[in-house]
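S.K.: Below is a structure I'd like to ask you about.
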Amino acid sequence: YTAATSQDLLACETCGRHFAQDVLLKHETICRKVFNKKRRPFNSLKQRLQGTEIPSVKKQLPPKNKPEKKSNWRQLHEDFINAIQSAKQVTKAMKEGRPLPPPPPPSINPDYIQCPYCLRRFNEAAAERHISFCKEQSTRRVFAPGQKGTKQAPGKQQMTKRREPTLTSAVESLLQNRAQEATS
Ligand SMILES: [Zn+2]
Ligand SMILES: [Zn+2]
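Using the numbering used here, count along the sequence shown one by one with no gaps and you end on 640.
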């Protein structure tokens, strides 16, 4: 129902709906006749539903269920968004090597899947992607604990780097020997 803010619309005294003035003139005569014939609102509703082409659809949606379904849907939607956002935050924090953000508040939804690596809960869609990522990250962490710039890491890197020059210097000396052989 449109609000009666527009001045171009006039309210039908019989049914209360708003119409443009010229439409209202035609409507009101019909509306009164219809209303007088079907006085009781319950009967008129029933008869109207039977007359329409889609009675079954309207009957299946009792008005009581409507707000419940809506709030339920919203709850699910919010949970979905929260799960995705927290998954993104964890993923981002892991990439940047920062401490992980606090876990999302416990959800009402029992279908949520808990990540075995960080123990956060995600809905099915988010969990699938997150867990595979989290698994990769956690295995990397286990096998490379000195990755975050501890004092051991640069020493190890130097050790591995030293091997390369020795290999190239060996090749160089070999080449030098060959060059000397060629000149001699
Ligand atoms: Zn009317
Ligand atoms: Zn995880």
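Positions of the beta carbon are idealized from the N, C-alpha and C atoms, including for glycine.
On the three-state DSSP scale, how would you describe residue 596?
M.R.: DSSP places residue 596 in helix when its eight states are reduced to three.
S.K.: Run through the DSSP bridge pairs and tell me what residue 465 is partnered with.
M.R.: Bridge partners of residue 465: 476.
S.K.: In three-state DSSP terms, what is residue 554?
M.R.: The answer is coil: DSSP assigns residue 554 none of H, G, I, E or B.
S.K.: Drop a sphere of 10 angstroms on the beta-carbon of residue 577, count the other beta-carbons inside from all chains shown, and report buried for 16 or more, exposed for fewer.
M.R.: Label assigned to residue 577: buried.
S.K.: With distance defined between alpha-carbon atoms, name the residue in 528, 529 and 579 nearest to residue 543.
M.R.: The candidate whose alpha carbon is nearest that of residue 543 is 579.
S.K.: Which of the three DSSP states, helix, strand or coil, is assigned to residue 576?
M.R.: Here residue 576 sits in coil by DSSP.
S.K.: Looking only at its own chain, which residues have a Cβ that is under 6 Å from the Cβ of residue 477, when we skip the five neighbours before and after it?
M.R.: Closer than 6 Å at the Cβ level, and outside the excluded window around residue 477, lie 466.
S.K.: Hey, would you say the C-beta of residue 470 is under 7 Å away from at least one heavy atom of ligand 1?
M.R.: At least one heavy atom of ligand 1 is nearer than 7 Å to the Cβ of residue 470, so yes.
S.K.: Near residue 587, which residues of its chain fall below 6 Å by C-beta distance, leaving aside the five closest residues on each side in sequence?
M.R.: Correct list, in chain order: 571.
S.K.: Could you tell me whether any non-hydrogen atom of ligand 1 is closer than 7 Å to the CB of residue 474?
M.R.: No; taking the cut-off as 7 Å, the Cβ of residue 474 has no heavy atom of ligand 1 nearer than that.
S.K.: Buried or exposed: which applies to residue 582, given that a residue is buried once 16 or more other Cβ atoms fall within 10 Å of its Cβ?
M.R.: By the 10 Å Cβ count, residue 582 comes out buried.
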